[in-house]
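All the letters of the sequence shown, read from the start, carry residue numbers 1 to 72 under UniProt numbering.
Idealized CB from N, CA, C, for every residue including glycine.
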Amino acid sequence: MRDTSIPYIADRSDLIVVHDLMRGFGPAAADEATARAHRARDRDNVVQFCRWRQLARLVTLLEHPGAWGTIH
Numbered sequence: 001m002r003d004t005s006i007p008y009i010a011d012r013s014d015l016i017v018v019h020d021l022m023r024g025f026g027p028a029a030a031d032e033a034t035a036r037a038h039r040a041r042d043r044d045n046v047v048q049f050c051r052w053r054q055l056a057r058l059v060t061l062l063e064h065p066g067a068w069g070t071i072h
């Protein structure tokens, strides 16, 4: 079973988008990604809705200090 708290990263471009969001919106970056997800949902664009939700999760994860996942 997949841990849904760890976001799916499709490719490097997702990381670039998250970086740009965090640089441009600061602490509101996750809120901006969530707003973009809602706009995609309102346009019935399921693929972009899911992508923006994952990016919002990634922003939230990166905003918190400390390690996540398995530590070796």
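Counting along the chain, G24 sits inside the alpha helix (DSSP H) bounded by residues R12 to F25. A straight-line Cα-Cα distance of about 20 angstroms links H38 and I6.
When DSSP states are grouped into helix, strand and coil, T60 belongs to the helix group.
Here the stretch 23-38 lies against the stretch 46-56, with 3 or more beta-carbon pairs under 8 angstroms apart. Judged by DSSP in its simplified three-state form, A29 adopts helix.
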